[in-house]
């Protein structure tokens, strides 16, 4: 008489994910007013953004870009060192290097990064010199991206033989490069500057300083050098 052997296997119970266990970013993209008070995790860097609708961060702009979604604005921040937050309205995304006290604005959404920050396109640092007061002149300092005048100063990238067209915030004559940096760093609206080493047409004096409230693409110039706070490369 044939004999039969049976194998009994105990299988682990399958647990189906419920909507509450799925990360919010997989359910929907952030939008206002639904996402007010929630967090959004950038899928590329895992930066954790806290979202608030109906508020705005005044000043402190690093750069402005256009994106059709709030998520795209947050991802632009994660890709742009040293962005730490955003204001988003319409399709305009204002990347922030400083977060001033928010003010009420029903048409704007804000977000700030909580915890450690990782930048998707963080450039390799090329030191400008051995100390902070280290501008060695052009073309020696071309491309260095840690220029500042002290440990608490905003680091800037220097480009020699370039200029930013337009976006002028203020102009100062008889000003050297370091003094121009100091004026920009002390001005909440300034994101960079152009410096002409001598008075145009005369070749004399300490130069002219043009503070910039916004930055266009740098253009070739035989007369000026620039520095800017947006460290992500163009």
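In UniProt numbering, the protein residues as written are 1 to 234.
Note that the Cβ used here is the ideal one computed from N, Cα and C, for glycine as well.
The model shown is predicted, which means the values in this text are computed figures rather than measured ones.
CB contact flag (residue i, residue j, <8 Å)
i: residue 79; j: residue 111; result: no
i: residue 105; j: residue 59; result: no
i: residue 50; j: residue 118; result: no
i: residue 190; j: residue 212; result: yes
i: residue 114; j: residue 167; result: no
Pairwise C-alpha distance: residue j and residue i
i: residue 221; j: residue 137; result: 16 Å
i: residue 182; j: residue 206; result: 15 Å
i: residue 229; j: residue 184; result: 10 Å
i: residue 52; j: residue 38; result: 8 Å
i: residue 32; j: residue 102; result: 17 Å
i: residue 48; j: residue 76; result: 14 Å
i: residue 178; j: residue 96; result: 24 Å
i: residue 85; j: residue 63; result: 11 Å
i: residue 238; j: residue 34; result: Outside the shown range of the chain, which is 1 to 234, sits residue 238, and nothing can be said about it.
i: residue 127; j: residue 218; result: 21 Å
i: residue 61; j: residue 98; result: 7 Å
i: residue 89; j: residue 71; result: 12 Å
i: residue 173; j: residue 143; result: 25 Å
i: residue 42; j: residue 163; result: 34 Å
i: residue 40; j: residue 116; result: 14 Å
Coarse secondary structure for residue i, derived from DSSP in three states
i: residue 136; result: coil
i: residue 172; result: strand
i: residue 163; result: strand
i: residue 44; result: coil
i: residue 49; result: strand
i: residue 177; result: helix
i: residue 39; result: strand
i: residue 213; result: coil
i: residue 95; result: strand
i: residue 76; result: helix
i: residue 192; result: strand
i: residue 185; result: helix
i: residue 227; result: strand
i: residue 120; result: coil
i: residue 70; result: helix
i: residue 33; result: coil
i: residue 55; result: strand
i: residue 100; result: coil
i: residue 218; result: coil
i: residue 105; result: strand
i: residue 115; result: coil
i: residue 81; result: coil
i: residue 145; result: coil
Sequence-distant residues of the same chain with beta carbon closer than 6 Å to residue i, five excluded per side
i: residue 237; result: Nothing in the structure corresponds to residue 237, since the chain is present only between 1 and 234.
i: residue 180; result: 193, 195 and 209
i: residue 36; result: 53
i: residue 73; result: 67, 86, 88 and 93
i: residue 139; result: 160
Distance between beta carbons of residue j and residue i, contact taken as under 8 Å
i: residue 69; j: residue 29; result: 6 Å
i: residue 160; j: residue 92; result: Actually they do not touch by this definition, with Cβ atoms about 32 Å apart.
i: residue 227; j: residue 157; result: 7 Å
Nonlocal neighbours in the same chain, by C-beta distance under 8 Å from residue i, ignoring five residues either side
i: residue 287; result: Absent from the model: residue 287. The displayed extent of the chain is 1 to 234, so no value can be given.
i: residue 171; result: 208, 209, 210 and 211
i: residue 165; result: 216 and 219
i: residue 187; result: 169, 170 and 211
i: residue 175; result: 183, 195, 206, 207, 208 and 209
Proximity test, Cβ basis, 8 Å: residue i and chain C
i: residue 31; result: Protein chain content of the structure displayed is limited to a single chain, and chain C is not contained in it.
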